[in-house]
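Data first, discussion second: the structure below is written as structure tokens.
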Amino acid sequence: MNKEYKIVLINGDGIGEEIVAAAKVVLEKVANKYQVKFDFTRALAGGEAIDAVGVPLPDTTIEACKKADAVLLGAVGGPKWDHVAPKLRPEQAILGLRKALSLYVNLRPIKVFDALLEFSPLKPENVADTDLLIVRELNGGIYYGEKKEAYIDTDGVEKASDLEIYSRPEIERLMNFTKNIAKLRNKKVTSVDKANVLASSRLWRKITNDIIGQDSELELEHLYVDNCAMQMVLKPKQFDVVVTNNIFGDILSDEAAVIAGSIGMLPSASLGDGTALYEPIHGSAPDIAGQNIANPLGTILSAAMMLKYSLNMSEAAEDIEQAVKCFLQAGYRTADLYRPGLKKVGTNEVGELISQYIK
Ligand code: IPM
Ligand code: MG
């Protein structure tokens, strides 16, 4: 009997439905080639779940994800739900899933495809061959620390606060993961913090020194986040593995993403000890939803990461990466990466075209 994997697909909002559909086409091709069966089920999250059942992350979605071998998600959010209470915002679905599945590490690889160099806002010679991996802490820090929504304090002044808090075990598990993954790459780790100002960063740095710094196989450097943001655009090639906290990782990964030509290209994997979640790093782009112009390559490359990290199908993952390369080299482009002379294709054509390059 063919090996069978349970995959939960979550469209979410905006362009989510279109980009997940494109990735599903590619996964079906892979299933065919490798004689495995993907048992796809759909689950709701974000605005679509708010509209259907009144909450952004229904329990049924959490249960389905826990039982699955992997989860592939499009994107959530949109202006339609901007007015809802903070705890019911679509984004709570992502934050809730990251917690419910204990997804404490987020991998965001930034690889530059030669065919897209001309779309980078940076000089092509500074960008060519960039290959860096952002390892973002995903279960702690200011995202999950105690929040006080706007309130009137005893001094009569309106205030609000968010707490940046990290514990030793949270940092240790991330650094142990980082240590192992860095050894599979070029063995250079840049830890990003703000230890000149933040106490949480000083704990971060101490533990990083103990775990990464003490490992003779790895080279470790520390950068302050402001300097890192600058270095990222000055000389992205200097980086191999960049490890950082939840909020800095969120910000730096958008910056790094655009180096690759379009944020639409970038995949991610969120890993913990159980089911993992895969999603493109971009948002739901409500302004272009339903127009068949979204770039699904970030989602397709996320599906490749899923094959590699959750389904033990590294060869299939490489097939997809290679197919994306061929697709781009052949001049196929969605609107975000189009210029006259290239072949413009709609979102719904990309899955089929990529599949044709998987032999
Ligand atoms: C990301 C997104 C999310 C985040 C939002 C949608 C909550 O920006 O995955 O980078 O801030 O983590
Ligand atoms: Mg972000």
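In the working numbering, the protein residues as written are 932 to 1290.
C-beta atoms are modelled at their ideal positions from N, C-alpha and C, and glycine is treated no differently.
Beta-ladder partner(s) of residue i, from DSSP
{"i": "N1176", "result": "None; N1176 has no bridge partner."}
{"i": "A1006", "result": "G943"}
{"i": "E1089", "result": "I1083"}
{"i": "N1037", "result": "R1067 and S1201"}
{"i": "F969", "result": "Y936"}
{"i": "S1122", "result": "H1153 and V1174"}
{"i": "E1210", "result": "S1199"}
{"i": "K1042", "result": "D1062"}
Cβ shell of residue i (< 8 Å), same chain only, five flanking positions each side left out
{"i": "E1148", "result": "K1114 and K1118"}
{"i": "Y1155", "result": "V1123, D1124, K1125, A1126 and N1127"}
{"i": "L1034", "result": "L1028, L1069, N1070, S1201, L1202, G1203, A1207 and L1208"}
Proximal residues to residue i (C-beta, below 7 Å), its chain only, five neighbours per side dropped
{"i": "R1116", "result": "L1064, D1171 and V1172"}
{"i": "K1110", "result": "I1142, I1143, D1146 and L1149"}
{"i": "A1216", "result": "G945, I946 and A1225"}
{"i": "S1184", "result": "R1039, I1065, R1067 and I1212"}
Cα-Cα separation between residue i and residue j, rounded to whole angstroms
{"i": "L1032", "j": "I1178", "result": "19 Å"}
{"i": "C996", "j": "A1006", "result": "16 Å"}
{"i": "D1000", "j": "Y1082", "result": "43 Å"}
{"i": "G1144", "j": "A1220", "result": "46 Å"}
{"i": "I941", "j": "D970", "result": "14 Å"}
{"i": "R1133", "j": "K998", "result": "38 Å"}
{"i": "T1230", "j": "I950", "result": "6 Å"}
{"i": "K1078", "j": "A1016", "result": "14 Å"}
{"i": "Q1253", "j": "V1281", "result": "14 Å"}
{"i": "Y1269", "j": "L1048", "result": "13 Å"}
{"i": "I1102", "j": "P1052", "result": "34 Å"}
{"i": "I1096", "j": "S1131", "result": "6 Å"}
{"i": "D982", "j": "E1080", "result": "25 Å"}
{"i": "S1092", "j": "G1076", "result": "10 Å"}
Residue i Cβ short of 8 Å to the ligand MG heavy atom set
{"i": "D1181", "result": "yes"}
{"i": "I1231", "result": "no"}
{"i": "I1212", "result": "yes"}
{"i": "D1185", "result": "yes"}
Heavy atom of the ligand IPM within 8 Å of residue i beta-carbon
{"i": "Y1269", "result": "no"}
{"i": "G1008", "result": "yes"}
{"i": "S1286", "result": "no"}
{"i": "S1193", "result": "no"}
{"i": "S1132", "result": "no"}
Contact belief for residue i with residue j at Cβ below 8 Å, rounded distance in angstroms
{"i": "G1195", "j": "H1213", "result": "6 Å"}
{"i": "Y1263", "j": "K1256", "result": "The pair is not a contact, with the Cβ atoms about 11 Å apart (cut-off 8 Å)."}
Nonlocal neighbours in the same chain, by C-beta distance under 6 Å from residue i, ignoring five residues either side
{"i": "L1151", "result": "V1120, I1143 and G1144"}
{"i": "N1176", "result": "E1068 and G1072"}
{"i": "M1236", "result": "P1198, A1200 and Y1209"}
{"i": "K934", "result": "V967"}
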